[in-house]
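S.K.:
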Amino acid sequence: MADIINFTIDGKECMAEKGIFILQAAKENDIYIPSLCNYEGVKPQGSCRICSIKTNGQFVTACTTPVADGMEIENNTDEINDMRKSIIELLFVEGNHFCPACEMSGDCELQALAYRFQMMVPRFIYQFPLREIDARHPKILKDQNRCIRCKRCIRTIKDEKGRSVFAFYGRGKNIEVNVDPVLGSKLTDKLAAKAIEVCPVGSILPREKGFRTPIGQRKFDHEPIGSEYKH
Amino acid sequence: MSKKITIEPVTRVEGHGKVTVHMDDNNNVIQTRLHIVEFRGFERFIQGRPYWEAPVLVQRLCGICPVSHHLAAAKAMDVIVGAGTGDGLTPVAEKMRRLMHYGQIFQSHVLHFFHLVSPDLLFGINADPAIRNIIGVAMEHKELAVQGVMMRKFGQEIIKATAGKKIHGTGAIPGGINKNLSIEERDHFLKGEDPLNVDKMIEWSLGAIEFFKNYQSENSELIDNMAAFPSNHLSLVRKDGAMDLYHGVIRAVDANGKKILHDVDPQDYLDYIGEEVKSWTYMKFPFLIEYGKEKGWYRVGPLARLNTIDFIPSPLAQKEFETYKSYTKGKPNNMSMHTHWARLIEVLHAAEMMKVLLNDSDLQKNNLETKGNKVYEGVGMLEAPRGTLFHHYRINDQDLIEMANLIVSTTNNNTPMNKAVEMVAKEQMNGHAIITEPMMNAVEVAIRAYDPCLSCATHALGKMPLEISLYNKNNQLIDRKRK
Chain A
124 MADIINFTID
134 GKECMAEKGI
144 FILQAAKEND
154 IYIPSLCNYE
164 GVKPQGSCRI
174 CSIKTNGQFV
184 TACTTPVADG
194 MEIENNTDEI
204 NDMRKSIIEL
214 LFVEGNHFCP
224 ACEMSGDCEL
234 QALAYRFQMM
244 VPRFIYQFPL
254 REIDARHPKI
264 LKDQNRCIRC
274 KRCIRTIKDE
284 KGRSVFAFYG
294 RGKNIEVNVD
304 PVLGSKLTDK
314 LAAKAIEVCP
324 VGSILPREKG
334 FRTPIGQRKF
344 DHEPIGSEYK
354 H
Chain X
25 MSKKITIEPV
35 TRVEGHGKVT
45 VHMDDNNNVI
55 QTRLHIVEFR
65 GFERFIQGRP
75 YWEAPVLVQR
85 LCGICPVSHH
95 LAAAKAMDVI
105 VGAGTGDGLT
115 PVAEKMRRLM
125 HYGQIFQSHV
135 LHFFHLVSPD
145 LLFGINADPA
155 IRNIIGVAME
165 HKELAVQGVM
175 MRKFGQEIIK
185 ATAGKKIHGT
195 GAIPGGINKN
205 LSIEERDHFL
215 KGEDPLNVDK
225 MIEWSLGAIE
235 FFKNYQSENS
245 ELIDNMAAFP
255 SNHLSLVRKD
265 GAMDLYHGVI
275 RAVDANGKKI
285 LHDVDPQDYL
295 DYIGEEVKSW
305 TYMKFPFLIE
315 YGKEKGWYRV
325 GPLARLNTID
335 FIPSPLAQKE
345 FETYKSYTKG
355 KPNNMSMHTH
365 WARLIEVLHA
375 AEMMKVLLND
385 SDLQKNNLET
395 KGNKVYEGVG
405 MLEAPRGTLF
415 HHYRINDQDL
425 IEMANLIVST
435 TNNNTPMNKA
445 VEMVAKEQMN
455 GHAIITEPMM
465 NAVEVAIRAY
475 DPCLSCATHA
485 LGKMPLEISL
495 YNKNNQLIDR
505 KRK
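Sequence order for the protein chains is A and X. Residues 124 to 354 (the numbering used here) are what the first sequence spells out, left to right. Residues 25 to 507 (the numbering used here) are what the second sequence spells out, left to right.
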C-alpha cells in the first residue's frame, strides 16, 4: 500500500500518495492549480510556469515538484495569481493571438486562462512578430502565430518507433514547432486528430473543419477553466 | 474671396467622415466632397488566412451589419467548396441563413430609422441638437422609442439564435451552417411574451410605415425635394423579379426604369462593375463599365431595391410597395429621403419573412452541410441593409486566401452621397458666409438617408464625427465648425 502523506494548500489540510507531483495531488484534493504545458499522461516539463506555487518561500512548478509530507503550499494568493497573469500576458504579446477570428476561440486554454485571470490590457508591449501559416501538410495546418511552444505536440505525437512527429526548428525568439517532413508524411488520421486535440491553442488546426461547433457548445462557453474543482 | 467649408465629424452615421464645401467670392457653392478619412484594409490582411476563416474574420469590419459580411463571405466560400451558388445548400442551411439575414435587416433598419433618423423627423432639422437625438425621442415620444428598442432587440435575438451571438457570431460555414433552430428557440419568437413575438413585430412595422407616410404627407416639400436627383439603381433580384435580399441576379435600371443591367450572374460581376479611385478619399467609386465612370454610377439600398424589383413576395409589404410605387406612378423613385419609406417597407417584409421561416419545419432538420468539387475562386453577393454587397475571394492550392475584393454597400453609394451633399450644400449655403448648425445638420440628414457605414466602406474603425471648414479660393481656412 502506498504511503499517504499530509500537506496543506492555502491552509487546507490535504492528503496524497507520497511522491506524486503537487499538481496531481491538488487535483485529488479538488483544488485547482492552473496549467498549460502539462498534459495528462505525458511526462511533465514545467516550461510554461503557469502552475507555479510557493513553498518554503520559493516558487516551484507544481507539475514537476513532488509533494512532500508536511509541505505548506501557497497557491491561490494575489502574488502568485498576478505572476500567473503576467505569464499569460507575456504569451499573448509574444505571438499574434487574434481571438475574434480564431476557430479555437471558446475551446482555447490560453484564452480561457486569460478570462479566468481577468487579463484586460497586457502590461507588456505587443511584439507583433511576422509569422505565417504552414499549410503544406495535407491533414493539418500549423499556424505559427498562435504557437506557445508548450511542446505538448512534440511530447505526445510519436510514431510507432517513439519518434516525435513535431520538432523545434530554429533558435531563440525565432524558434518554431514544425512537422517533421519525413515522419509527417506518414501521419495517420488518428494521430493528426490527437495533435489537434493536444494543442492548447489554435496552432494545430484541422483542414476545412473550422467553426463547426456552435457558440454555446464550446468547452469554455459557460464556465471558466478550472470550474470543475471545488477550490 | 472663395471659401472652403468642412463639416467634421458627420454624426449619427457609422464611421468617420467629413464634408468639404468650396465657395466662390459670392458665397456660392462650387464644389462639395464627402471624404472618408479612415482606412482599415481587410482585403489585405485576410490574405494568407485559411478560407474557412473569412466569414468570421471579415464580419469584424462592421458592428452594425456583421451578418451581411458573414453571409456574403460564406456564400463565396460555398462556391469554393463546391456547394453551388444559393440553391446548393441543404434546406435547413439556406433557411437558417435567411432567418439570420432577415433578423439582421430588421434590426439594422430599425436602428437606423428609430435611433438615427427619427430625431430629425420628430424635432425638425433646425431643432436644438441637445434634444434632437435618441434620448430626446425617449423623453418626448416614449412609445416610439420603446418600439425602436424592442424591435431591434427582436432582430438581435434572431441573430443570436442562428449565429450564436448577437454580434460577430459563427453560424455560417462554407457549404452550410453549424446549428439548426430548436423548437424552444422557435417558440420563443413565435409565441414570445408581448411584445417580443413576430406578430407584434409585424404590427409595429406597419405602424412605423404609417408614421412615415403621415410625416411625408405633412412635410412633402422636404421629403420629396431634399437631395432628389435622377440616377441609376442596382440590386440583386430573384430570378422572377421578386425582392430577395439573400440571393439573386444583378439588375440595374436607369432613372426612368429602363433595364440597363439584365439580371446577370454575381459570379460575373467583374464583367459589369468597375471601380475608380480618387485621391481625396479612401472610398472607391464603383460604376457600370458599359456606361463609364461619368454615367455608370448607381444607387444601392432600399430606394434602389424598390426601383429594381417587380414585386415583394410577402403580402403586407407588397401592399405597401404598391402604395409606394403609385406615388411615382410606377416610375423609379429618385427622391433620396424616400429611402426611409422604402426602408420601412423592407422592415415589414423582413418581419413577414421571419414569420414564414419560423413556421418552416425545415429549420429543425439536421443535415447542416454540403460539399462538392472544390474550386479556387468564388463570389458571394447579397443585399445588406445599406445595399448590395460584393465579396470576391481567390484561394491557393493550400486553402489559403491569396486575393480578396470587397465592394460594400456604402462604397456603391459613394457618388450618390456626394451628389446629395452637393445639392443640399447649394440649397442651404449658397449666399451665406457663416455656417450655422441647421446648415450642417441638413447636410448630415442627406447623408443619413443613405444609412452609410463609412467604417465598412473603407473597412475602417471609429465613430462618425463631422466637421465643416470654410476655405477661400487660395485654400486658406476662413471658418471651421466641429460637432
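Beta carbons: idealized from backbone N, C-alpha and C, even for Gly.
How long is the line joining the alpha carbons of X/F253 and X/A279, rounded to whole angstroms?
M.R.: For X/F253 and X/A279, the distance between alpha carbons rounds to 9 Å.
S.K.: Could you give the C-beta distance for A/I338 and A/A235, rounded to a whole number, given that I count them as a contact under 8 Å?
M.R.: Incorrect: roughly 15 Å between the Cβ atoms, too far for contact.
S.K.: Taking C-beta pairs closer than 7 Å, name the residues in chain X that A/I338 reaches, listed in chain order.
M.R.: Those within 7 Å of A/I338 in chain X are G188, K189, G193 and T194.
S.K.: For the segment 49 to 78 of chain X, enumerate the residues whose C-beta is nearer than 7 Å to any C-beta of chain A, in chain order.
M.R.: Cβ contacts with chain A: G72, P74, W76 and E77.
S.K.: Taking the CB atoms as reference points, tell me whether X/S92 and X/L430 lie closer together than 8 Å.
M.R.: Cβ distance not < 8 Å, so X/S92 and X/L430 don't count as in contact.
S.K.: What does X/D423 reach in chain A if we use C-beta pairs closer than 9 Å?
M.R.: Going along chain A in sequence order, the residues near X/D423 (Cβ under 9 Å) are A258, L264, R330 and E331.
S.K.: In the DSSP assignment, find the unbroken beta strand (DSSP E) run with X/N256 in it and report its ends.
M.R.: That run of the beta strand (DSSP E) goes N256 to V261.
S.K.: Just the C-alpha distance for X/D221 and X/K353, rounded to the nearest angstrom, thanks.
M.R.: In the sequence under discussion, the amino acid at residue 221 of chain X is Asn, which differs from the Asp named in the question. If you take the alpha carbons of X/N221 and X/K353, they lie about 36 Å apart.
S.K.: Is the beta carbon of A/L314 sitting closer than 8 Å to the one on A/I280?
M.R.: Going by C-beta atoms, A/L314 is nearer than 8 Å to A/I280.
S.K.: Helix, strand or coil: how does DSSP classify X/T482 here?
M.R.: Residue placement at X/T482 cannot be trusted, given a pLDDT of 42 that sits under 50; what the coordinates show is reported in the next sentence. Note: X/T482 maps to coil in three-state DSSP.
S.K.: Would you identify the three-state DSSP class for A/L262, choosing helix, strand or coil?
M.R.: In the sequence as displayed, the identity of residue 262 of chain A is Lys instead of Leu. Coil at A/K262, not helix or strand.
S.K.: Report yes if the C-beta distance between X/R210 and X/L382 is below 8 Å; otherwise report no.
M.R.: Contact: yes.
S.K.: If X/Q55 and X/A428 are in contact, beta carbons under 8 Å, what's the gap, nearest whole angstrom?
M.R.: With a Cβ gap of about 33 Å, X/Q55 and X/A428 do not count as contacting.
S.K.: On a Cα-Cα basis, can you pick out the residue from X/I425, X/K283, X/D152 and X/A457 that is closest to X/I104?
M.R.: Here the closest residue by C-alpha is X/I425.
S.K.: Could you give the first and the last residue of the continuous beta strand (DSSP E) run that contains X/M427?
M.R.: That run of the beta strand (DSSP E) goes I425 to I431.
S.K.: Relative to the alpha-carbon of A/K284, which residue among A/N198, A/L310 and A/F215 has its alpha-carbon at the smallest distance?
M.R.: Nearest of A/N198, A/L310 and A/F215 to A/K284, Cα basis: A/L310.
S.K.: Take the Cβ of X/A408 as the centre, count every other Cβ of all protein chains shown within 10 Å, and call the residue buried at 16 or more, exposed below.
M.R.: Its Cβ being crowded by 16 or more others within 10 Å, X/A408 is buried.
S.K.: Straight-line CA distance for A/Y352 to A/I154?
M.R.: Taking the straight line from one Cα to the other gives about 6 Å.
S.K.: Going by C-alpha distance, which of X/I458, X/A366 and X/A470 is nearest X/V448?
M.R.: Comparing Cα positions, the closest option is X/A470.
S.K.: Closer than 6 Å by C-beta to A/K141: which residues in its own chain qualify, once you throw out the five before and the five after it? Chain order, please.
M.R.: Closer than 6 Å at Cβ, skipping near neighbours: D126 and I128.
S.K.: Following a CB-centred definition, is X/S142 positioned closer than 7 Å to any heavy atom of the ligand FAD?
M.R.: Because no ligand of any kind appears in the structure shown, any question about the ligand FAD cannot be addressed here.
S.K.: For A/F244, is the classification buried or exposed, using 16 other Cβ atoms within 10 angstroms of its Cβ as the cut-off for buried?
M.R.: Checking the sequence, you will find Val at residue 244 of chain A rather than Phe. Exposed, since its Cβ has fewer than 16 Cβ neighbours within 10 Å.
S.K.: Find the residues of chain X that neighbour A/E255, judging by a C-beta separation of less than 7 Å, and give them in chain order.
M.R.: Here the neighbours are G72.
S.K.: Can you give me the start and stop residues for the beta strand (DSSP E) that X/M13 sits inside?
M.R.: Nothing about residue 13 of chain X can be read from this structure; chain X reaches only from 25 to 507.
S.K.: If I'm right that X/L12 touches X/V324 with Cβ under 8 Å, what's the distance once you round it to whole angstroms?
M.R.: Residue 12 of chain X cannot be examined here, being either before or after the span of chain X that is shown, 25 to 507.
S.K.: Going by CA-CA distance only, name the one from X/P326, X/Q128 and X/G160 that's closest to X/L146.
M.R.: For the residues X/P326, X/Q128 and X/G160, the minimum Cα distance to X/L146 belongs to X/G160.
S.K.: Using C-beta distances below 8 Å, list every residue in its chain close to X/H286, excluding the 5 sequence neighbours before and after it, in chain order.
M.R.: The residues are R275.
S.K.: For X/K184, which residues in the same chain have their Cβ closer than 8 Å to its Cβ, ignoring the five residues on either side in sequence?
M.R.: K190 and G193, listed in sequence order.
S.K.: With a cut-off of 8 Å on the beta carbons, I'd call X/A196 and X/H94 a contact; round off their distance for me.
M.R.: That pair is a contact at about 6 Å.
S.K.: Looking only at C-alpha atoms, which of X/Q388, X/P339 and X/R410 sits nearest to X/A375?
M.R.: The shortest Cα separation from X/A375 among X/Q388, X/P339 and X/R410 belongs to X/P339.
S.K.: Please decide whether A/F334 counts as near chain X, where near means a Cβ-Cβ distance under 8 Å.
M.R.: Yes, A/F334 lies at the interface with chain X (some Cβ there is under 8 Å from its Cβ).
S.K.: Please work out which residues of its chain come closer than 7 Å, Cβ to Cβ, to A/S350, disregarding the five sequence neighbours upstream and downstream, and give them in chain order.
M.R.: Cβ neighbours of A/S350 beyond the five flanking positions: none.
S.K.: Cα separation between A/K208 and A/R239?
M.R.: The alpha-carbon atoms of A/K208 and A/R239 are separated by roughly 9 Å.
S.K.: Could you tell me the alpha carbon to alpha carbon distance between X/M488 and X/M463, rounded to whole angstroms?
M.R.: Low local confidence applies: a pLDDT of 41 at X/M488 is under 50, so the model's placement there is unreliable, and no value is given.
S.K.: Run through the DSSP bridge pairs and tell me what X/H416 is partnered with.
M.R.: BP columns for X/H416 point to X/V403 and X/N429.
S.K.: Tell me which residues of the segment 181 to 195 of chain A have at least one Cβ-Cβ distance to chain X shorter than 7 Å, keeping chain order.
M.R.: Taking 7 Å as the Cβ-Cβ cut-off against chain X, none of the residues of the segment 181 to 195 of chain A qualify.
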